[in-house]
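Letter by letter, the sequence shown follows residues 7 to 45 in the working numbering.
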Amino acid sequence: MTRRAALGLDALVAAAQAGDPAALELVCGRVAGPMRAYA
């Protein structure tokens, strides 16, 4: 992962923690996708 991608992800997580529903959905989708592959 590039540094820019990591910073973007940090910003998304911060927005999700602040309660932004769109960011929350995006973070959950991005995290759940890879995790579903391992489940």
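Glycine is no exception: its CB is placed at the ideal position from the N, C-alpha and C atoms. A quick note: this is a predicted structure, and the numbers were derived from the prediction, not measured.
{"Item": "Three-state class that DSSP yields for ASP26 in the structure shown", "Value": "coil"}
{"Item": "Proximity of VAL19 and VAL33 at Cβ, strictly below 7 Å", "Value": "yes"}
{"Item": "ALA22 and LEU30 closer than 7 Å at C-beta", "Value": "yes"}
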